[in-house]
Each structure stands twice: as C-alpha cells, then as structure tokens.
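Note sheet for the following structure.
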Amino acid sequence: MLLAVCAAQFFMPFMVAGVNAVLPPLGESLGASARELSLLGAVYTLGLVVFQLAGGTLGDIYGRRRIFLFGLSLFSVLALVLGFIPYIDLFIGLRLFQGMGAAMLSSASLALLASAAPKEMRASYLGLSNVAVYAGIACGPPVGGLVAGWLGWRWLFWGTGLAALAAMCIMVFRVPLEWRTAGEEPFDVPGCLLYGGAMAALTFGASCIADDHLLGGGLFLLCLVLLACFVWRELRSPFPMVDVRLLRSNRVLSLSLVAAFVNYCSFFGMVFFFSLYLQVGRGFSVQEAGLLLALQAAVQSLSSPLAARLCDRYDQGLISTAGTVFCGLGLLSAAFLDMDSSLWVIVGAQCLIGAGVSLFALPNTTIILEAAGPQRVGQASGLVGTVRTAGMLGNLTIITLTLSLFLGHEPVGRDNIGAFLHCMRVDMVLFGVLSLLAVGCTLARNRSGTKAA
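What the sequence shown shows, in the UniProt record's numbering, is residues 1 to 453, in sequence order.
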C-alpha cells in the first residue's frame, strides 16, 4: 500500500510541474492563446479545491481504498486521453476532471496512511509520502522539458498515465483491505454544492482580479456569502460534509488548520518571484534558472525523512513551530535582494524555506489527523488539502494585486525591473509577517495542553 500511495503522491505534483514546463510547445500545437494556457492551471486548481474536502468525506463513508482507486483511475485515464486531444477547449474541460481525480486521490492517500500505519510509525509513513510529493515537484520541470524535447509534449501525459495505472494495479491486487469509519450515512450533497460554488468563486476571483477589480471583488464577496451559507447548512445537518462543531470545539485541530493556511499563503510565490528575478533581472537562461529553483523542492524532499525522525522523538508541535520560523527567515532574507546580491542569498533562502516546509508540514499534518480522531480522519485529510490549496490561491491573489499596483498591466522587463524588485521586497516582508502569524497559531496550539504524539 505504501508503494502505491507514494507513487500516486509523486505523479500528481509531477504532472502539474511538468505541464508548466511544456506549456510553450503545448500551446503552439493546440493553437492556444496565453489566456487559454493560463486556464489549464486555473481549472485544474478548481477541481482540486472543490473536491478535496468531498473526497475525504466520501472516503469515510464509502471506503478510503475505493475513493483512492476512483481518483487514481480518473487521473490516469484522463492523462492518457489528454495526450490525444487536438482542441484546446476540450483539453481545458478535461483538465477540470483530472483535477477532480487528483483531489479524490490526495484526500484518500493521507487518510489511508493514517488509518493503516501503526501509531508509532505514522509520522514515518507520512514523511515518505512527503518525500514523494517533493520529488515530483523537483522532477517535473526537468523531466517534462526533456520529454517534450525528445519525444513531444504528449508523451508527458501518456507516460504519466501508464505509470499511474501501474500504481493502481498494485493497490487493486496487493491491498485487498478496506478502511471506512462513517458507515452508510448519506453524503451531504447540498453542502457540497454550496462549498463547491464558494471555491469556484474564490478560484476565478483570484485569476481575474488584476484585470477586473470589480468582478474579482464581486466573486470574493460571493465566496464569503456561499461559505456563510455552507457553515449554516453544516451546523444544522445531521450528516455534515464538515463537522463544523468539531472545528469550533477542538482548539488543536482548528489552530493547526489556520497555521497551515497562513503558512502556505506565505511561501508559495517564492518560485514565481525568483524565476523572474533570475531570468529578467540577472539574465539567466530558462535551464539555469530552473536548476537553481529546483533546490527548494530538493531540500524539502531530502529533509522530510529527518522531519519524520524528529517527530518520532520530540514534541511535534514544537517541530512545526520551528519549521514556520525557518520559512519566515527565508522569506525575510529574500526581502534584501537587489541586482547586485550574491546568488548565495537565493540559495540560502530556498534552503531555509525548503527545510522549514518539511519541518512544518509533516508534524502539522500528523497533529491534524490525530486531533480529528479515527472516525473523521478522511474528513481531516480533505481539510488538509483544502487549506493548502486555499492558501496557495491566497498567495496568488496577493501577488496579482501587488504586481498590478506596482507595474500595472506592463510585462516584467529590464525597463521596469526596479519596480518589480520593489514589489518583490514588499511581498516578501508581507509574507514574512504572515509566517509570524503562523508561528503565533502554532504556539497557541502548543499551549492548549493537547499533544499529537
């Protein structure tokens, strides 16, 4: 089971990072505009954020292995199909459903590991899963570029789909057991629709707010209204998709989720800023910048086993707090970058953030899953993925607004690199402050007297 789950956890980020690397030849082959190419990522993210929470709850009701296999089959089959699609509109539509499969797969993966692993080995299992995720992020751009150059971009989809089907066969034939805890209770369809509508408004609001402030702001307002209706519905439902009462009464669970949201909202845009800084400001080639930017994911992957060992020996709450501090230090160090800065500043910032993410994510996720209890571990797994994706969308929104403020609609170039650097410094300071807020959340959680050990 561990092999199948880790393989699936590798393929999801590998596909995302690899597709970003092959966007130019993909767009040329399908005749796609820049706006249409941007929609490839937006609709995939929409599928993730809408169905992650539902996937966790469905796993509690119908079985985590069953939902894992459904998500993996949907993800892998669509990867194979996408390699044959000749039209960009159909391609975009199918990417939405592939994001749905990835969401189901992601939620069920964490829940499976938490359910199947002995308590003393849970951190180690989750640590190996994190290694697979970060390895996928690191391998996606270079492998995607090589595959596109040698065989064509379609082979990225075909190869990933075939490998994912092999992982599905391992789960089908080697793992006959099923894990379920919620019984045959009905799924909360109205709650799912309200939540899905809110997340759709959030996703498209984040993508269009720079071009149309009124529309983007209206979508954010609609998101808040739908979320309020969702909470009202969940408080009154006998079988809620999210047990809001549990979030309200369980201080450890709620503060850990808030810390995850704030932390992911702070560091996700580092690669975006560093990529433009290196290529436009310092004149690096795409390949040179890509190799340097892979350092953060490499550090995350290498430090995850260390984080697992630390979680087995020491208090997980303190380890996650230390990881948040490392992220904040890395972000604040990047605020001092200018055109003459040593590249060691970027190397150091990436190493701090990479190590910080590993030290934060693994113990924080373990605390969330254990605080929710065995009956709601699937729901908790869905919440982990949801706050992670929502945090990334929040980071994207902040970057979009600040770039619009400092640069307007002009593309980043040598003539306005000074304004870009100013924008980057402001955002790095802001993200560093957000990391301090995440530190406060973890410290408040640690003082609550409940330990996830």
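By construction, the Cβ of each residue, glycine as well, lies at the ideal position given by its N, Cα and C atoms.
Three or more Cβ pairs closer than 8 Å define a contact, and the region 162-173 falls short of that threshold against the region 31-46. Contact check for Asn130 against Gly269 fails: the beta carbons are separated by 8 Å or more. Around the Cβ of Pro240, a 10 Å sphere holds 16 or more other Cβ atoms; the residue is buried.
DSSP, reduced to helix, strand and coil, places Glu36 within a helical segment of the structure shown.
DSSP places Met12 in the helix class (H, G or I) of the three-state scheme.
Secondary structure of Trp158 (DSSP, three-state): helix. Closest in alpha carbon position to Ser29, among Ala54, Ser73, Arg313, Leu82, is Leu82.
Between Leu94 and Arg64, the C-beta spacing is not below 8 Å. As the crow flies, the alpha-carbon of Ala390 is around 14 Å from that of Gly41. Using a 10 angstroms sphere on the CB of Leu255, the tally of other CB atoms reaches 16 or more, which defines it as buried. For Met199, the closest of Cys229, Val77, Ala17, Phe173 by C-alpha to C-alpha distance is Cys229. Taking 8 Å as the cut-off, the Cβ atoms of Val43 and Leu96 count as close.
Remark: fewer than three beta-carbon pairs, one from each stretch, lie closer than 8 Å, so the region 427-434 and the region 242-253 are not flagged as touching. When rounded, the separation of the alpha-carbon atoms in Val16 and Thr400 is 20 Å. By the neighbour-count criterion, in which a residue is buried when 16 or more other Cβ atoms sit within 10 angstroms of its Cβ, Phe157 is buried.
Rounded to whole angstroms, the separation of the alpha carbons of Arg282 and Leu343 is 10 Å.
The alpha carbon of Leu362 has as its nearest neighbour, out of Leu39, Leu3, Asp315, the alpha carbon of Asp315. The region 332-351 and the region 414-429 touch, with no fewer than 3 CB-CB distances between them shorter than 8 Å. In its chain, beyond the 5 residues on either side, Pro141, Pro142 have a beta carbon closer than 7 Å to the beta carbon of Gly290.
If you draw a straight line from the Cα of Leu151 to the Cα of Phe91, it comes to about 20 Å. Annotation: the continuous alpha helix (DSSP H) that includes Asn263 extends over 251-267.
Rounded to the nearest angstrom, the Cβ distance from Phe274 to Leu293 is 6 Å, consistent with a contact under 8 Å.
Put simply, the region 68-77 does not touch the region 402-410. Fewer than three CB pairs are less than 8 Å apart.
Rounded to the nearest whole angstrom, the C-alpha separation of Pro13 and Leu215 is 30 Å. Contact check for Thr442 and Thr321: beta-carbon distance about 4 Å, within the 8 Å limit, so the pair qualifies. A Cβ-Cβ distance of about 2 Å is found for the pair Gly382 and Gly56, placing them in contact under the 8 Å criterion. In this structure Leu369 does not touch Ala206 by the C-beta definition: roughly 28 Å separates them, more than the 8 Å allowed.
Per DSSP, Ala116 is one residue of the alpha helix (DSSP H) stretching across 88-116. Taking C-alpha positions only, Met100 is separated from Val50 by approximately 8 Å.
Put simply, of Asp415, Gly408, Val299 the residue whose alpha carbon is nearest the alpha carbon of Asp211 is Gly408.
Contact check for Ile170 against Ala438 fails: the beta carbons are separated by 8 Å or more. A Cβ-Cβ distance of about 13 Å is found for the pair Gln9 and Ala138, leaving them out of contact under the 8 Å criterion. Distance from the CA atom of Gly330 to the CA atom of Val172, rounded to whole angstroms, is 43 Å. The three-state reading of DSSP puts Tyr134 in helix, counting H, G and I together.
In this model, Val262 and Gly323 are separated by some 13 Å (Cα to Cα). For Arg282, there is no enclosing alpha helix (DSSP H), as DSSP marks it with neither H nor E.
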